[in-house]
Every structure is written in structure tokens, then in C-alpha cells.
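S.K.: A single structure is presented below for examination.
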Amino acid sequence: MNLGKIFTSKDKDNQAEYFLAVEIHDASIKSAVWQVEDDKTSIVSLGTFELWDSEESLINGVDATLTSATKNLGEEPNRIIFGLPNPWLVDNKIHPSKQPLIKKLISELGLKPIGLVTIAEAISQQLKIEEGIPPSAILLEIYPSKVIVTLLSLGQVQAVEEVGRSDDLSRDVEEGLARFEAEKLPARFILTNGSNLESEEQQIISFPWTDKLPFLHLPKVQALPIDFSIKAIALAGGAEAAKSLGLETDSNLSPDLQKESQEASDSLESLGFQLESLDQHQPPTDHLADISEIESDLHPDQSLEEIAVNSKDKPYKFKFSLPGFNFNLPKFPQGPFSLPRLRFSWLYFLAIVLFLLLPFIVIGYYFNFAKASLTLRLIPQPINQNLSLMLTDLPQEDPSALRIERQSFSAIVSDTISTTGEALVGDKATGSVTLFNKSSEPISLKAGTKITASPGQIFLLDQTVSVASSSSEINLDTGQEIKTFGKTPSPVPVTAIKIGSEHNLAKSTQFNVDQYPKSTLIASAESDFTGGSSRTVKAVAKTDQERLHQLSVEKIKQQIEQNLANLNSDLRLIPVSDLKFNKSKFDKAVGEEAAVLSLELDGSQEFLTYSQEELFRILNGNLNSSGQANRRLVRDQTSTRLNLTSKTDQQPLTADVEVNGLLLPDVNETSLIQAIKGKNLQKIKPLFETINGYQSTKIEISPNLPFLKAYLPIRAENISLKLSLN
């Protein structure tokens, strides 16, 4: 039951032509009212943000958001353009699994679709209008269970990937981008989903994208405002839809969006949606009731406004009439006679009593046992402010100082990655040589002496040897001198200094020996050298160790945060020291043959811990003392960042707190319930209107008795009150 309907004016004359836009995500709904004025589309109003998880909640959610968007209009338009996620479309048509849902939504609410646009295309077109050029970026539609990664190039959708959500958003996005076959990626991320994305934005900013993917430089990260997507659907998609109805618009839409709008219209027609043109001036079929449920139980000849005035301060009266009874006395006979004895059953008497008491029983039961649920829709006040704060680890004396504790957290991780380096492994060639001494002096050589073949292969002597000097004698017949070279008595074994088959030299190959000239000392292979071989294998590269170390450091940080969350989910950390490593051990060295590399890393870090709940208590107190009286921060819609402004060894510590979020009135729910219990619904709205930011009220009462549902129960414990952001 919506109190906004009870007090809505019925005057619908002289109203402009309005159109609707609805954006449907996998879990949320947004809406807007738009019009074509001076050949341009413009936003008239925005509806509330609603959640849904079933067919019924989708229909109710669309109904609720459209009701809030159109509540101040003189009429309730029903011609609508839909904005849907990319996965809801296939071959430029609504996916078969979503067709029954959309058809039932249109049928139940009496809507007339005039166009369809994907959320990504609408956002791309709106960015082009605002920035003057078609955007090239990576659009991230972030949902609780998945993230849709869309690659935009000059305003055109090049590729779309859907990735399931994990605890690490950056890894999810990396997985989606890795599926794209792109030589380079635009260095810009655009985040959207209709809620506060500060945490997600920080995750994307802190990820090393240039190390992982083909980005030319570190990408810029931009989180779109909450209402950006629905405005884009209404302005960009609505402009093309208006043209299809014959309305002239000053549109800068891209050909792709015009094509998509036409194809979407075709897909709507393929579902049985009849798309109307502007010359069909038929009165719209309102999907909302003209009056609330209460009005149907009031006098049929009076409007709600008249009843609200005439019944003011008059108690509600219940009228009852008793049944009439006619008795005809019998004619008595003449003479002696006796009156007949009349007998009435006690059950008959009890039934009459119960019949007379039934209305009072029903009324008493309703006022004492009926359940009422009230949802107050409030418009929050945004806040973006820096506040100074004192921190102390001493016993709490000043309630405005935030209590902190210094703690050290440690974690041990073992991680493994595949290696990317290469190494050459194999065996060294071996053989034997004979050394020849041409000099007149004996020569001794130590083990390890180098001998070099003419192609450049180097070998080492395996043992120490002595080479006798040369000798000469005179041929008596000819008178010529005959010289005999000294040589080793037996072949000397040698081994190549490097691996490889190129060291397998042939027999009789000659070698230079150390620094001796060939005219003094040479070596000759006694036989073919054998055994030399080589092959390329996977090995540890320096970058492998660096990459594994960085991954392990991130895991240690995550494990420390998880350990803290398991200990107390309300605690937050402020690092006061760098991460220190007590142990860092790789199982393989750089260049060593290995297919995988393992690291065991033990790290610890010191932090200051504080309570997030206590921080919000202090912030609310500071805001109330600074002119924001009777308002409080909405925790799930407010982000805080605490930065130390003094050294950690000082007392007391000081810090700046960046507060970015929403403020709501600090409503005393208990007092408000006491004030409204048992009252007529038409008399409680003035009480709600005294609350700053009040917009509307939704009331549900069970059981729903036609002649009593205009009243709240008289027992406070049977009334629940909830505040809802609009």
C-alpha cells in the first residue's frame, strides 16, 4: 500500500507527452521519465532503485520505481524504452529464456514498448555526447555474482565476455580480457552497476595491468555515477526511439546505435509487442491503479481529497442492524386450557450471541494482532568531507578519540608457478691426444692445461704429463741432421670445457697447447673424440623468481586481512611498517633445469587496528556538532579512508578521515511507532513529512480486511518500520 497514491492529485489536464525508460540488471531496476522538447530528449524525473530476484519481485519492483518516477506528473505514461544487459540479447533479439519474463512484465503493467537498447551501447553513446568523441575503453558491469567485460573501440562494441565473480575482482577482469583477441587494449576502465564502487575502483587501480596484458600504459579507472546508465538509456536510446515514432530530435546518435534500436524494435515485434506510432492518439492504459486500495472501501461518490477533508477529526463509526422477529400469538380454545411449553436450544441462543459479537471480535483481533510493515522512502543527502580525528591506545577517556591497538600479523605461504626460462644441458666430449715437443728442453704440463683446436674448441688435460725433449743425429751417408720430436710415452686423456656435439673432433686433429707456439709444442688426437651432446630444457629465469615473489607477497597480504576478518569483521587496519620477510626460499636457482618453481615465504607486518563501528559513532557525533543535526551516515553506502597525520610514536596520534557517502535523518523508530499506532493512515502522513528528506511511504497490513485496513494496529510490537533510500 503506497501512501503517496492516497494524497495524489487527480488533475491530469494540460499535461505534456511523457515517455518511460526502464533499466533492468540481473539484480536491480532503475527508471526515468523523459520527453522530447525543442527537438531534444530531456530527463523529467528519476525513479527509485529497486532490487529483484524473481518474476514477481521484478514486476513489483518495476511498478514501484515507475510509481515514484511518475508521482508528480499529471498523467501516467505507458510508452516505454527498455535498457537490458548484453547477455539478455542474442542475435539482436531478446534471449528466448528472457522473452516470457519481459512479455509478462509488459502485460501485467500495461506497458507499450517503443524501443530497446543495450546498457553498454547507451553508456557508450552518452559518453560520446559528453566527451565529444567516441569512447575507446573497457566497460565493466559489476554484479554480485559476475562481471560483464565489454571492449569498446571508437564507441563500437568489439567483444563481450561474462566472467563469474570471485574474491579477486582484478583477476576476474584479467580472465575476461585474456579471452579477447586484441593486440592492444584501450588504457581506460569504466565501472558501472548502480551502486557505490569505491572498493572495486581501488582494486582495479592497484592491479599491475601493464605486466599482464597489452596495455600501452597504466589504464585510467573511472566509476560512473549511480544514475548515469539510466540517464544514458533515456537520453541516447530514447532519442532514437522517438525518431521511430515520428518525433523530430536533434540527435547525434551513432549509426550503430540507430541500427541496434531498429533491430531491437524488430525483436520486440517478434515477441508479439505492437509498437505504436505517434499518430495513434489512443489514451494510455495506466499500469498503476487510479486510487489506492483504501479508496475502494470508502463512499463511491466521494474523491479521496473530499474524504480527507470531510472526515477530518471524525471517528470511524460502524453501523449494525438487528434482525426483525415476528411472533403471532396462537388462538386459545374456549374452556379450560394450558399454555404450550416453548423450548429453545442453548446452541441457538449461543449462535445469536456470537453473531452479535462477531464484528467486535474481528475489530478487537485486528487492532491487537494484525501486523503492519511500513517502509519510509527517504532522499539521502550526499556528503564528501574531511574530518580531523584523534587516535589513542590509552584507556578511553575522551569519547571523541578513536581507540586503536598496535598488533603484528604474520602469514606463511607456499606457492608454485611454471618456469619460462630455457637452459642448455648435455655431456662434454672426451678423447686422448699425443703431445710432441720440438724443443731441446723437456716440458712438463699440469692437469687442466688448455689445448685448443683450430676451429676454436677448448679441451683440458685430465692429468699432469712430461714431454721429453727432441733429439737429433747425423746421417753418415748423406751428412744431413735427422731430428726426432719428443713425445708423451702414452696418449693423454682430455675433456672439453663445454657441452655439445661440436666438440666431437676427428682423429689426427691438431691442437695448440697453452701458450706454446706450434714450433715448440703441439698435440694430436689419437682417435675420434666422442660423448659430446646438448639439448634445450625448461629452466628457471630471473623474472620467474621475481614474479613468484610478487604473487606470494600479495597472498601474504590477503591472508593477513583474512585472518583479521575471521578474528573480527568490524576491525580495520592501518599499516605502520613495511612487510618484513623472515624466510624466503626458492627450491631452484636461476638457470637450473626445472619445469616449475616453488617458493616458501614467511612475512609479518605491524598495523594499527580500530573498530569501524566505533569510527562511525564518532563521525556521526562530529557531523551532528558541525551542523548536520539529527542525521547519521548510511554505513553500507559510505566509504571512509583514514590517513595518519602524525608519527606513530607520538601520543595522541592524529589522522584525517575522508568521508564519502550518504546521510539519512536519525529517526527514532520507537517514538515514531508510538506516535502512529492505532491511527488512520490518512492522518499519519503529516508526521512523516516532518522528517527531512521524506518522499513516500509503503504500507503492508496482514490480514487485509477491507473495512479496517485504513487503520494501523494499536500494539507497537506489531508495527515494523524500515527506512529505504530513494
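Residues in the sequence shown are numbered from 35 upward in steps of one, following my numbering.
Even glycine gets a Cβ: it sits at the ideal position worked out from N, Cα and C.
If the criterion is Cβ atoms closer than 8 Å, does the pair Ser-736 and Lys-405 meet it?
M.R.: In this structure, Lys-405 lies closer than 8 Å to Ser-736 by Cβ.
S.K.: Would you call Ile-136 buried or exposed, if buried means 16 or more other Cβ atoms sit within 10 Å of its Cβ?
M.R.: So Ile-136 counts as buried.
S.K.: Kindly indicate which three-state DSSP category Ala-599 falls into: helix, strand or coil?
M.R.: Note: Ala-599 maps to helix in three-state DSSP.
S.K.: Go ahead and label Val-668 buried or exposed: buried means 16 or more other beta carbons lie within 10 angstroms of its beta carbon, across all protein chains shown.
M.R.: Classification of Val-668: buried, given that the 10 Å Cβ count is 16 or more.
S.K.: Could you check where the beta strand (DSSP E) with Pro-609 kicks off and where it finishes?
M.R.: 605-609 is the span of the beta strand (DSSP E), which, as asked, contains Pro-609.
S.K.: Hey, is the segment 83-95 in contact with the segment 697-711, meaning 3+ C-beta pairs nearer than 8 Å?
M.R.: These segments do not touch.
S.K.: Taking Asn-752 as the reference, which of Pro-242, Tyr-399, Val-151 and Pro-134 has the closest Cα?
M.R.: Ranking the options by Cα distance to Asn-752, first place goes to Tyr-399.
S.K.: Between which two residues does the beta strand (DSSP E) carrying Leu-211 extend?
M.R.: Here Leu-211 belongs to no beta strand (DSSP E); instead the alpha helix (DSSP H) covers 203-212.
S.K.: Taking only three categories from DSSP, how would you classify Pro-259?
M.R.: DSSP places Pro-259 in coil when its eight states are reduced to three.
S.K.: Per DSSP, what kind of secondary structure is Val-396 in: helix, strand or coil?
M.R.: Three-state result, Val-396: helix.
S.K.: Taking 8 Å as the limit between beta carbons, can you name the residues of its chain near Pro-433, skipping five residues before and five after?
M.R.: So the qualifying residues of the chain are Ile-652 and Gly-655.
S.K.: Put Ile-533 into one of helix, strand or coil per three-state DSSP.
M.R.: Strand, per DSSP.
S.K.: Within 10 angstroms of its Cβ, does Asp-578 collect 16 or more other Cβ (buried), or is it exposed?
M.R.: So Asp-578 ends up on the buried side.
S.K.: I need the DSSP call for Trp-68, collapsed to helix, strand or coil.
M.R.: The answer is strand: DSSP assigns Trp-68 an E or B state.
S.K.: May I ask you to list the residues that DSSP assigns as paired with Glu-640?
M.R.: According to DSSP, which records beta bridges pairwise, Glu-640 is partnered with Ser-442.
S.K.: How far does the beta strand (DSSP E) with Leu-696 in it reach, from first residue to last?
M.R.: Note, Leu-696: beta strand (DSSP E), 687-699.
S.K.: With Thr-570 as the anchor, note down where its beta strand (DSSP E) starts and where it stops.
M.R.: It spans 567-573 - the beta strand (DSSP E) in which Thr-570 sits, taken as one unbroken run.
S.K.: Check whether the segment 613-631 touches the segment 550-570, taking contact to mean three or more Cβ pairs, one atom from each stretch, closer than 8 Å.
M.R.: Contact fails: fewer than three Cβ-Cβ distances are below 8 Å.
S.K.: Going by alpha carbons, who is nearest to Asn-723 out of Leu-381, Leu-410, Ala-193 and Ala-171?
M.R.: Sequence check: residue 723 is Glu here, not Asn. The candidate whose alpha carbon is nearest that of Glu-723 is Leu-410.
S.K.: Could you work out which residue in Asn-112, Glu-110 and Glu-89 is closest to Gln-133 when comparing CA atoms only?
M.R.: Closest option to Gln-133, Cα to Cα, is Glu-89.
S.K.: If we count Cβ pairs, one from each stretch, closer than 8 Å, do we get three or more for the segment 198-207 versus the segment 251-259?
M.R.: Flag = no, the segment 198-207 and the segment 251-259 do not touch.
S.K.: Shorter than 8 Å from the beta carbon of Gln-685 to some beta carbon of chain C?
M.R.: Absent from the structure is chain C; it holds one protein chain and no more.
S.K.: Tell me, to the nearest whole angstrom, how far the beta carbon of Leu-582 is from that of Leu-613; I am working on the premise that it is less than 8 Å.
M.R.: Their Cβ separation, rounded to whole angstroms, is 16 Å, which puts Leu-582 and Leu-613 out of contact at 8 Å.
S.K.: Determine the direct distance from the alpha carbon of Ile-413 to that of Ser-79, and round the result to whole angstroms.
M.R.: Rounded to the nearest angstrom, the two C-alpha atoms are 14 Å apart.
S.K.: Can you list, in chain order, the residues of its chain with a C-beta nearer than 8 Å to that of Asp-604? Leave out the 5 residues immediately preceding and following it.
M.R.: Here the set comprises Ser-645, Gln-646 and Glu-647.
S.K.: By alpha-carbon positions, which one of Asp-636, Phe-641, Lys-589 and Glu-634 ends up nearest to Leu-607?
M.R.: The candidate whose alpha carbon is nearest that of Leu-607 is Phe-641.
S.K.: If I follow the unbroken beta strand (DSSP E) through Ser-200, where does it start and stop?
M.R.: Taken as a continuous stretch (DSSP letters only), Ser-200 belongs to no beta strand (DSSP E), as it is neither H nor E.
S.K.: Taking all protein chains shown into account, decide if Gly-482 is buried (16 or more other Cβ within 10 angstroms of its Cβ) or exposed.
M.R.: Exposed, since its Cβ has fewer than 16 Cβ neighbours within 10 Å.
S.K.: Between Val-459, Ser-422 and Leu-479, which has its C-alpha nearest Gly-534's C-alpha?
M.R.: Of the listed residues, the one whose Cα sits closest to Gly-534 is Val-459.
S.K.: Please report the distance separating the alpha-carbon of Gln-415 from that of Ala-212.
M.R.: Between Gln-415 and Ala-212, the C-alpha separation is close to 41 Å.
S.K.: Quick one: is Asn-227 buried, meaning 16 or more other Cβ sit within 10 Å of its Cβ, or exposed?
M.R.: Its Cβ being crowded by 16 or more others within 10 Å, Asn-227 is buried.
S.K.: Under three-state DSSP, which class holds Asn-360?
M.R.: Summary for Asn-360: the model assigns pLDDT 38, below 50, so the residue's position carries little reliability, and this model does not support an answer.
S.K.: Quick one, which of Glu-439, Ala-629 and Ile-395 has its alpha-carbon nearest Asp-427's?
M.R.: Out of Glu-439, Ala-629 and Ile-395, Glu-439 has the C-alpha closest to the C-alpha of Asp-427.
S.K.: Quick check on DSSP: helix, strand or coil for Val-587?
M.R.: Correct three-state label for Val-587: helix.
S.K.: Whole angstroms is fine: what's the gap from Asn-420's alpha carbon to His-129's?
M.R.: Asn-420 and His-129: Cα-Cα distance of roughly 47 Å.
S.K.: What does DSSP give as the partner residue(s) for Ala-193 in the beta ladder?
M.R.: Ala-193 pairs with Leu-185.
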